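As they're listed, the protein sequences go chains A and B. Going by the working numbering, the first sequence opens with residue 872, and the numbers climb by one from there. Going by the working numbering, the second sequence opens with residue 244, and the numbers climb by one from there. A virtual CB, placed ideally from N, CA and C, is assigned to each residue, including glycine. The structure displayed is predicted, hence computed values, not measured ones. Take a look at the structure below.
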Amino acid sequence: MLLVLSITIVHGQKLYSTRTGQMKFNASGGVEKIAAVNNQVDSKMIDKTGQIVFSVLIKGFKFDNQLMEDHFNENYLESTKYPKADFKGYISNISQVNFTTDGKYNITAEGTLTIHGVSQKITVQGIMIISHGTPSINGSFKIKIKEYGITGLYIGDKIANEAEIALSVSY
Amino acid sequence: MKKKVINPYILLVVVQLLFHFTSRAQNVDLFKLQDEEDKKEKAQKTDIVTAIFKTTRLVNGQSIENLGEGLLDLKISHRFGPVNEGAYNFFGLDQATMRIGLDYGITDRLMVGIGRSSFNKEFDGFAKYRLLRQSTGKIEMPLSLSYAVTGIWQSLKDPTTTTINIHYTDHFYFAHQLIIARKFNDYFSLQLVPTLVHYNIVPVYTNPNDFYSMGIGFRARISKRVNLTGEYYYQFEKLVGYHNSLSLGFDIETGGHVFQLHFTNSTGINEKSFITQTDGQWGKGDILFGFNIARVFTVVKPRTANHVNW
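Here you go:
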């Protein structure tokens, strides 16, 4: 009986992953629209432990205005030095989620967000939907731009102090 | 009755096996997995170097940069008179020549442009194509290489006294340039520009029609938005009375514009004019203050899969 128990533990974890998650951000300061979308968010999640990672290429954020995109990459995010941003953490109430039946759950994720080479501990609220056995996550949160070492004259002026980030990922 | 006792050693082995299985199941660490994947991806990706120079012209001449697809660049270039004109002419500020130009990016590799200079009333048109792009990663390319061809038409009226028949094609000049550039790091970029300027008609019978020169240009970053720039064209054969063009200046970047301020000994702004017809000499104080303003407009929006909607 003890041996049977160990086998179920081995096969108990499921790794969910996707490379086509969507992340949008908006940092408009009032006059000009400053927003971009990235449709190649890389994400992995383990159901039993709630361990979750998101990884996104900074150059993958597409703006309507090419010059704005160039400045975003060269002057603000310095994407040649810091090509990716990522989140590594755990969904703290993962035990409340039943992955085998369709349902909608409020989840809380805690972990480390690293942007521009600077890491900050964050807690984010989101919603996980299980549909036909496939989980998907939606969530949004705000970050203070300067907390990630991102500097520039226009932050607080044309560029908002806080950027709103929206995430939509299907595994 | 015989007592059935579980052999303690067998129990120990079973317990150890149990721990082995459970610890293996918990070994899938997403954090490590992500880091490994990132490393593999980095090795597979080719990163094309961007912003070797801040705009498509260095001071007077072409830079390695091309305009992105669907972008329109309005270029206004202004040169005052030489500083040694003295106080009466307000050290050259009373005099001016200028060029107004419009550049357009047809694709990310091909751009075209037209312009008109007030000096000698010349119209110019050019095309610039990116042959090789500097990159790191999967494809290691140490240099960027571009080809630029310029056609110039001088619309200045001919002097009324001439000894030969002047045909309309006699007012055309052409320039062929190969631009070789490298971005060494975020603080320094260098380019070499071997150039051929062709005159359909030359002043004196003994002049050649083709003038070869070598241009050299650099950009050095001195702050987040300010760069020091320099440009020099060495002519292997010069027309009598003319000198090599040397320019030094600053590029200042703001939200949508690039401002270029510089000192040069060239009055002309197109390839034929500034490379082969510079009559100023730095040593004699024939230094002209000038500036270029470039404003980029998006004509064709980039092909993004999702239009950004909030």
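Buried/exposed call for residue i, threshold 16 Cβ in 10 Å
i	result
A/Arg890	exposed
A/Gly1061	Nothing can be reported for residue 1061 of chain A, as the shown portion of chain A is limited to 872 through 1042.
B/Ser466	exposed
B/Asp316	buried
B/Lys297	buried
B/Phe540	exposed
B/Pro446	exposed
A/Lys930	buried
B/Lys381	exposed
B/Ser398	exposed
B/Ser320	buried
A/Gly921	buried
B/Gln287	exposed
A/Gly1004	exposed
B/Glu279	exposed
B/Phe333	exposed
B/Gln277	buried
B/Pro385	exposed
A/Gln996	exposed
B/Trp553	Model confidence at B/Trp553 stands at a pLDDT of 47, short of 50, so the residue's coordinates are unreliable; what they give is reported in the following sentence. Exposed.
B/His550	Because the pLDDT at B/His550 is just 47, under 50, the model does not fix this residue reliably, and the value given afterwards should be weighed accordingly. Flag for B/His550 reads exposed.
B/Ile395	buried
B/Ser490	buried
A/Asn909	buried
Residues bridged to residue i [DSSP beta-bridge criterion]
i	result
A/Lys1013	A/Glu1035
B/Val496	The question names Val, but residue 496 of chain B in the sequence shown is Glu. Answer is B/Val501.
B/Trp525	In the DSSP output, where bridge partners are listed per residue, B/Trp525 has none listed.
B/Thr438	B/Gln420, B/Ser456
B/Thr541	B/Leu314
B/Pro325	B/Leu531
B/Asp346	B/Asp316, B/Gly356
B/Phe461	B/Leu433, B/Gly473
B/Lys426	B/Ser432
B/Gln305	B/Arg300
B/Glu445	Note that residue 445 of chain B is Val in the sequence shown here, rather than Glu. None, per the DSSP bridge assignment.
B/Thr289	B/Gly380
B/Ser466	None, per the DSSP bridge assignment.
Check whether residue i and residue j have beta carbons under 7 Å apart
i	j	result
B/Ile291	B/Ile307	no
B/Gly348	B/Gly356	no
A/Ile1008	A/Gly974	no
B/Ala418	B/Glu480	no
B/Thr472	B/Asp494	yes
B/Tyr430	B/Arg462	no
B/Val326	B/His505	no
B/Ala370	B/Val392	yes
A/Gly1023	A/Val989	no
B/Ser488	B/Tyr477	no
A/Val927	A/Ala956	yes
B/Gly311	B/Val543	no
B/Leu374	B/Leu388	yes
B/Arg468	B/His500	no
B/Tyr442	B/Asn428	no
A/Leu984	A/Ile978	no
A/Phe896	A/Ala1034	yes
B/Asn470	B/Gln503	no
A/Met999	A/Val968	yes
B/Ile444	B/Asp401	no
B/Glu474	B/Gly304	yes
B/Val440	B/Gln420	no
Three-state secondary structure (DSSP) of residue i
i	result
A/Pro954	coil
A/Phe943	helix
B/Phe454	strand
B/Tyr331	helix
B/Asp351	coil
B/Ile518	helix
B/Pro192	Here chain B comprises residues numbered 244 to 553, so residue 192 of chain B is not present and cannot be evaluated.
B/Thr472	strand
B/Leu489	strand
B/Phe431	strand
B/Phe479	coil
B/Gln338	coil
B/Ala294	coil
B/Lys283	helix
A/Asp1028	coil
B/Thr507	strand
Any C-beta of chain E under 7 Å from that of residue i
i	result
A/Glu1033	You won't find chain E in this structure, because its protein chains are A and B.
Report task. Counting only runs of 3+ residues fully inside the stretch 876-934 of chain A, write out the beta strand (DSSP E) ranges in chain order. Result -> 886-899, 906-917, 922-928
Report task. Report the residue ranges of all beta strand (DSSP E) runs contained in full by the stretch 957-1009 of chain A; include only those spanning at least 3 residues, in chain order. Result -> 974-986, 989-1002
Query raised in the report: Quick one: complete beta strand (DSSP E) runs, 3+ long, within the stretch 365-410 of chain B?
Result: 365-375, 378-380, 387-397
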